DNA sequence: GTGAGGATGCACT
DNA sequence: GTGCATCCTCACG
């Protein structure tokens, strides 16, 4: 079942935790590339100094101030894309970053997109999974509730896992309270988690 | 297997 | 001009 708007409108920490175990689906020609979400991070509002929206509304962050369930995709370090999902109500900027995925099918396609052969490294990082699933700027602001191009579905399998929390990665510029917040959610023991 | 450093372009003061 | 929610390569031994 495709996740609906109401799911994404929940509190961001709830969405980040609940996205674990869900299936990300990317339409690729006639094929559907499917991956299991195993790692997420929450970025919550204007008081979270790790969140891009803490610097106010700009052209880039505008999407985070909009409706939940849309993709917030930005370009960083001159070569990488990051895929976030907008949460909370309108005017309340927040999002969940997808940091790692476990590939469930079409491994050959992912390898081609990534130009590597090692399965463990295909999608175990936020920029890696974007490259593997061909997610880029053209999907920024895309509505994930449409069930086209890019969306998320519930999953009746993979319900047998434990959730772990830890501080978010790569945000040394943020205030200490935000650096220490355990807003990173991981599926315990999954082999496709990003490093640390 | 681990760590340092470079790549690279765009949004934003 | 600055800095970035990262990844890869290349040393090292």
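Residue numbers (the numbering used here): 4 to 199.
Idealized CB from N, CA, C, for every residue including glycine.
No experiment lies behind these values; they were computed from the predicted model shown.
Quiz item: Are there 16 or more other CB atoms within 10 angstroms of the CB of residue 100, so buried, or fewer, so exposed?
Solution: buried
Self-check item: C-alpha distance - residue 93 paired with residue 11, whole-angstrom precision
Solution: 11 Å
Self-check item: residue 174 (DSSP reduced to helix, strand or coil)
Solution: coil
Quiz item: Among the residues of its own chain, which have a CB less than 6 Å from the CB of residue 164, if the five just before and after it don't count?
Solution: 190
Practice problem: Assess, as a yes-or-no matter, whether the segment 77-87 is touched by the segment 17-24 under the definition of 3 or more beta carbon pairs within less than 8 Å. | Solution: no
Quiz item: From residue 31 to residue 135, what distance separates their C-alpha atoms?
Solution: 11 Å
Quiz item: DSSP state of residue 141, grouped into three classes?
Solution: helix
Quiz item: Helix, strand or coil for residue 195 per DSSP?
Solution: coil
Self-check item: For residue 147 and residue 88, believed in contact at Cβ under 8 Å, the rounded distance
Solution: 6 Å
Quiz item: For residue 146, does the three-state DSSP call read helix, strand or coil?
Solution: strand
Quiz item: Looking only at C-alpha atoms, which of 193, 182, 9 sits nearest to residue 72?
Solution: 9
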